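Below is one structure, written out as structure tokens; the observations come after it.
2 protein chains.
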Amino acid sequence: MFLSQIFAKTSKESSSEVSSVNADLLERGGFIHKTMAGVYSYLPLGVRVLHRIENILREEMDKIGTEVFLPALAPVENWRKTGRFDTVNVLFQAIPANPFSARHNDAQYVLGSTHEEIITPLVQHFCSSYQDFPCAAYQIQTKFRNEPRPKSGVLRGREFRMKDLYSFHTSEEDMLEYFFHKAIPAYQAFFSRIGLGEITDIVLASGGDFSKEYSREFQTRCPTGEDHIFQIPGTDTRYNREVAPSKAKRWENASEKELPRQDVSGKGIIGVDELAKYLKIEVERTTKTLLFETENGKVVAAAVRGDYDVNEAKLRAVLGCKALALAPAAVVKEVTGAEVGYAGPIGLPENVRVVWDESTAGRRNFECGANKTGEHSVNVNFGRDIPEPKEFFDIKVAREGDADPKTEKEYTVYRGSEVGNVFTLYTKFSDSFGFKFMDKDGKEKPVYMGCYGIGTTRVLGVLAEVFHDEHGVLWPENVAPARVHIIPLAKKESDAPYKEALSLYKKLQKQGVDCLFEDRINRSVGSRMADADLIGVPTRVVVSEKTLADKGLEVKDRRTGEIQMLSVAAFLKRFA
Amino acid sequence: MFLSQIFAKTSKESSSEVSSVNADLLERGGFIHKTMAGVYSYLPLGVRVLHRIENILREEMDKIGTEVFLPALAPVENWRKTGRFDTVNVLFQAIPANPFSARHNDAQYVLGSTHEEIITPLVQHFCSSYQDFPCAAYQIQTKFRNEPRPKSGVLRGREFRMKDLYSFHTSEEDMLEYFFHKAIPAYQAFFSRIGLGEITDIVLASGGDFSKEYSREFQTRCPTGEDHIFQIPGTDTRYNREVAPSKAKRWENASEKELPRQDVSGKGIIGVDELAKYLKIEVERTTKTLLFETENGKVVAAAVRGDYDVNEAKLRAVLGCKALALAPAAVVKEVTGAEVGYAGPIGLPENVRVVWDESTAGRRNFECGANKTGEHSVNVNFGRDIPEPKEFFDIKVAREGDADPKTEKEYTVYRGSEVGNVFTLYTKFSDSFGFKFMDKDGKEKPVYMGCYGIGTTRVLGVLAEVFHDEHGVLWPENVAPARVHIIPLAKKESDAPYKEALSLYKKLQKQGVDCLFEDRINRSVGSRMADADLIGVPTRVVVSEKTLADKGLEVKDRRTGEIQMLSVAAFLKRFA
């Protein structure tokens, strides 16, 4: 590819709006262009990387499934059947844009954010006997999600490319067999081939809208990753923070004498750190008490040590309820008699259950809200001021320093960027569509499903986040926009370096080695060299009068910076 | 590919809803599945054909442009800038599907039906000097169009795949040079490679929403095609009926004596054929007079011979107006004094211009509406009843039998199915975005553009429409879902024919020859053979005890039906 033929250009300066490493590097390198918030155009070099990623992925998926291409427009009724039309908070719909269009056809469609609602009835149409199973189908396609704040470049867009695979089984065992022994190994093979294998871990995560079980995420270790991974040291067990069971580092002061409880004023103080400072106590002595309402309108209180936050998913599991939301101010007022911010466990109505996090155990003379606007109680003690809780639970968001409750080992915590996820769906979606099969024994039984996603544009973004230096991206060989970037230092096309460079380009292309050729000879040497660094092709070759007087080519490894002089023949051998 | 691994199955019966050849063949062959009206899922075999089409297209487009991938979601403001948000009658928009989603982000987006509104400002962002031109970018992507009655399978869907190419130039000459000498030859190369070259013609057609000039359509000759092509015999000039200039076959009766004009009753008679029968006159003696309103509310009458229809585009050109619509009933009543259906040229108000089609010239004693409800005038004559028109125009829809007005040669008429189109856009879109460039002379000048489309899913449908027999599709070699379809006749996998067939499959795959392998040995021989015909892979190979006792393989050419016995070695040589 001749660089003069790419209309898109690199840019020395970061755009003023850029807020993520991947967007900055990919925009400056001429890989992507922001069309609007969360929506990107892929430029010629970006398309090349994206195709390479998707072709490798296709090869790995073909080993465990068959490719289909499902529509982005889905019937609303399918989404009503699964109950997700009204609940998925990133869902778009497509409707006519103007009255002329509406007169044509005023139907309303779902714009696919995921494809269970299409693939389940599709496979149901064709498969009804146990002999038709197992089967698996995947696609690589554009997805639409109405993300609230798409700020992380191509990592989380309103429109993005995704590979989604769905598998169908006659039993839980077969589903799990496929999940662990086909899908996960295929994912690992893919991540290895694109250079992420050694830095990508399998992590237990939430099942989200899809499943009550843990899902598995593939998390690439990355200092700028948005997820926090909690690993039990010496094991392969890793949790996404959202589901990590946690045991707080004990803060105990059992030796302290119980002091008289006092209600003190602390109006307008925001945050536990400020409160601790104001009260001149340790932050671990403070208590956060939050009131929640369940789907039945029941009010519960959740109490965690001040240096923790409440994890709603964990709290839901303790309560055995489906939905949970922070109680509105009016309810807080009614239940506690105080404005929001001063709730505490003392003197709550009897029907309000208090769930205590284990981080609150073992403390004496602790602080909590006084259930009076502007007031806090200090020197509170279990047994004396509040009944000693019968049981302590884990309802907090895990923090660095916490331990795994079972092994009691302190977690190793690091950041990760999600590059894929896999879900066991059991019969959730087949139940919605009444998708059953006739088994050998003549009985109808429900179909088990799994679903498996990899966002290919997201993978492109993560590659830029993990592989770069201060000059630009460092693409792994298999996904680079080209394998060699050739720069002739010449004033005109008839000069020897240009002719030699072009001859090398043709030889390499003939050998099947994709190259970029820097034919914009009117640009300065410096800007052409800077472009090569920004674009990040693994090998840069400079041909100049000087190199021709020497062995012929100056070959630079973009990653190590190592420079070698090589003859054309020796260089071509590398790709033989 | 093993057929047992494809969950999608063929079907002997046509679906009851099927209304087009392509949908019938492609659904029965297991290539596509209708998700809903105008929206299809592509099944494993369909995806293979689609990929082959798109990869060949990509190779040809890479020779004249560079690949990009633009978002489906577009900013509404861009579509307002070009004035198309309110006027394109197939436009969809994307908005949140539920209140949770709306709370996230309630923005409204256009869902792309075409991409001038994205590519123009994108190229504008990067290109501002004459040195940056010409440039061209294409993408292969899903498009969304709210078609009123999507009845022709994958030929016209609400969601479909399309290759769209856009070119940018510093002058009209350069635009035309690219249009005729790059884009059109690249299209021809593509159609040749997929087997449509010899039956695909370049046809002059309307510029539609894009241009006032003729566009060029690539029309594949096809008896079921929805377009009518008018060719001037012995030349390469072909028109789509919508724009074909036409001269009617004269119907003259100048030797007749003028008879006294009469108003006769003919209430409730619908259509000119019925009217002619009722009046006992030739249909050519009747006249259709239609009243139209222009964008300024001016009323005009258009009169064509009874056996023709009015072509609004031609009438617009004669009148020099932008928009035209049939006058509402109330206006017709006011102007003619009669209900709709009885308008005629005699005695219309002076400010109502009558435009006469040339088909009406040379007639005596003709019929027309009497401008009285239920009445027709017969034996009407120019000069006596109505002033002889000063000029006759061509405002009719061309019909078989018509001649080209210039050469006076009678058109050859045949049906075609559109597979591509190319437009010269001039500065229409660059003007909307203020896209100018700095020329060598230091002056700012407008950028010229062209756009060029090929619907890849549509091409897939046209291939099925033109290449099939009563048993199924006959795929051209380059786009077939596989090159060889292997069927072992065996009861179990350990039988010799199965083992031999599998060995052949592996050898072919190793040689890079894509095969389908019929491993569903529990199915009847007849149904497996019928499937091979339905799927339409060019070469079928049967391996049985009988063929093994002979030379080894029974090789059938799907297109000719010719059967040969060949040894494995001889067969493999075909693909060497």
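Chains A and B supply the protein sequences, listed in that same order. Heads up: the first sequence runs through residues 0 to 575, numbered per numbering that gives the first Met the number 0. Heads up: the second sequence runs through residues 0 to 575, numbered per numbering that gives the first Met the number 0. By construction, the Cβ of each residue, glycine as well, lies at the ideal position given by its N, Cα and C atoms. Computed from a predicted structure; not experimentally measured.
In the DSSP assignment, what residue or residues form a beta bridge with residue i?
i, result
"T219 (chain B)", "B:T199 and B:S416"
"D272 (chain B)", "For D272 (chain B), which the question treats as bridged, DSSP gives no partner whatsoever."
"F422 (chain A)", "A:C450"
"H180 (chain A)", "None; H180 (chain A) has no bridge partner."
"V298 (chain B)", "B:E292"
"L576 (chain A)", "Given a span of 0 to 575 for chain A in the structure shown, any question on residue 576 (chain A) remains unanswerable."
"E553 (chain B)", "B:V541 and B:M564"
"I139 (chain B)", "B:K162"
"D226 (chain A)", "A:G415"
"Y238 (chain A)", "A:L203 and A:F229"
"S376 (chain B)", "B:D262 and B:C367"
"K435 (chain A)", "A:P445"
"I385 (chain A)", "A:F381"
"S214 (chain A)", "A:A204"
"A188 (chain A)", "DSSP, once it has assigned bridges, lists no residue as partnering A188 (chain A)."
"E409 (chain B)", "B:A402"
With distances taken between CB atoms, is the gap from residue i to residue j smaller than 8 Å?
i, j, result
"L507 (chain A)", "M0 (chain A)", "no"
"Y129 (chain A)", "T169 (chain A)", "yes"
"E66 (chain B)", "V46 (chain A)", "yes"
"I193 (chain B)", "K162 (chain B)", "no"
"F229 (chain B)", "V412 (chain B)", "yes"
"M174 (chain B)", "G449 (chain B)", "yes"
"Y108 (chain B)", "L72 (chain B)", "yes"
"N380 (chain B)", "E281 (chain B)", "no"
"I486 (chain B)", "R527 (chain B)", "yes"
"L424 (chain B)", "R558 (chain B)", "no"
"G368 (chain A)", "Y410 (chain A)", "no"
"W355 (chain A)", "A302 (chain A)", "yes"
"S166 (chain B)", "A135 (chain B)", "yes"
"S19 (chain B)", "T219 (chain B)", "no"
"G361 (chain B)", "A529 (chain B)", "no"
"E366 (chain A)", "S376 (chain A)", "yes"
"E553 (chain A)", "V540 (chain A)", "yes"
Using a Cβ-based criterion (distance less than 7 Å to any ligand heavy atom), does residue i qualify as near the ligand ATP?
i, result
"T559 (chain A)", "By its list of ligands, the structure shown contains no ligand whatsoever, and the ligand ATP lies outside what it can speak to."
Return the Cβ separation of residue i and residue j in integer angstroms, given the expectation that the two are a contact with Cβ distance under 8 Å.
i, j, result
"K8 (chain A)", "G28 (chain A)", "Actually they are not in contact, since the Cβ atoms of K8 (chain A) and G28 (chain A) sit about 10 Å apart, beyond 8 Å."
"A93 (chain A)", "F91 (chain B)", "5 Å"
"I576 (chain B)", "V421 (chain B)", "Coverage of chain B is limited to positions 0 through 575, which leaves residue 576 (chain B) absent and any answer about it impossible."
"L274 (chain B)", "V331 (chain B)", "Rounded, the Cβ-Cβ distance is 18 Å, inconsistent with contact."
"V38 (chain B)", "G156 (chain B)", "6 Å"
"F428 (chain A)", "E212 (chain A)", "Between E212 (chain A) and F428 (chain A) the Cβ distance is about 14 Å, and since that is not below 8 Å, they are no contact."
"L25 (chain A)", "A479 (chain A)", "L25 (chain A) to A479 (chain A), Cβ: 14 Å. No contact."
Mind checking if residue i is an interface residue toward chain E, Cβ cutoff 8 Å exclusive?
i, result
"P147 (chain B)", "No chain E is part of this structure, whose protein chains are labelled A and B."
Open item on the list: Which residues of the region 8-40 of chain A have a Cβ closer than 9 Å to any Cβ of chain B? Give them in chain order.
Closed with: K8, G29, H32, T34, M35, A36, G37, V38, Y39 and S40
Open item on the list: Closer than 9 Å between beta carbons: that is the criterion. Which residues of the region 427-447 of chain B meet it against chain A?
Closed with: none
- [ ] Would you list, in sequence order, the uninterrupted beta strand (DSSP E) runs of no fewer than 3 residues that lie entirely inside the region 29-61 of chain A?
- [x] 31-35 and 38-41
Open item on the list: Residues of the region 90-106 of chain B in Cβ contact with chain A at a cutoff of 7 Å, in chain order, please.
Closed with: L90, F91, Q92, A93, I94, P95, A96, N97, F99, S100, H103 and N104
TODO: Below 8 Å between beta carbons is the criterion; list the residues of the region 110-131 of chain A that meet it against any residue of chain B, in chain order.
DONE: L110, I117, L121, V122, H124, F125, C126, Q130 and D131
Task: Residues in the region 218-239 of chain B having any Cβ partner in chain A nearer than 7 Å - done: none
TODO: Mind checking the region 396-413 of chain B against chain A and listing, in chain order, the residues whose C-beta falls within less than 7 Å of any C-beta there?
DONE: none
- [ ] Using a Cβ-Cβ cut-off of less than 7 Å, give me the residues of the region 65-77 of chain B that come near chain A, in sequence order.
- [x] T65, E66, V67, F68, L69, P70, A71, L72 and P74
- [ ] Please go through the region 446-491 of chain A and give each complete beta strand (DSSP E) segment of 3 or more residues, from N-terminal end onward.
- [x] 447-454 and 483-487
TODO: Just list the alpha helix (DSSP H) runs in the region 282-358 of chain A, keeping only unbroken ones of 4 residues or longer that don't cross its boundaries, in chain order.
DONE: 311-318 and 328-335
Open item on the list: Please identify, using Cβ separations under 7 Å, the residues of the region 149-164 of chain B that lie next to chain A, in order along the chain.
Closed with: R157 and E158
- [ ] Could you list the residues in the region 312-344 of chain B with a C-beta less than 9 Å from some C-beta on chain A, going in chain order?
- [x] none
Open item on the list: Restricting to runs no shorter than 4 residues, where is the alpha helix (DSSP H) found entirely within the region 65-150 of chain A?
Closed with: 75-80, 98-103 and 115-125
Task: Residues, ordered as in the chain, of the region 45-60 of chain A that lie near chain B by beta-carbon distance below 9 Å - done: G45, V46, R47, L49 and H50
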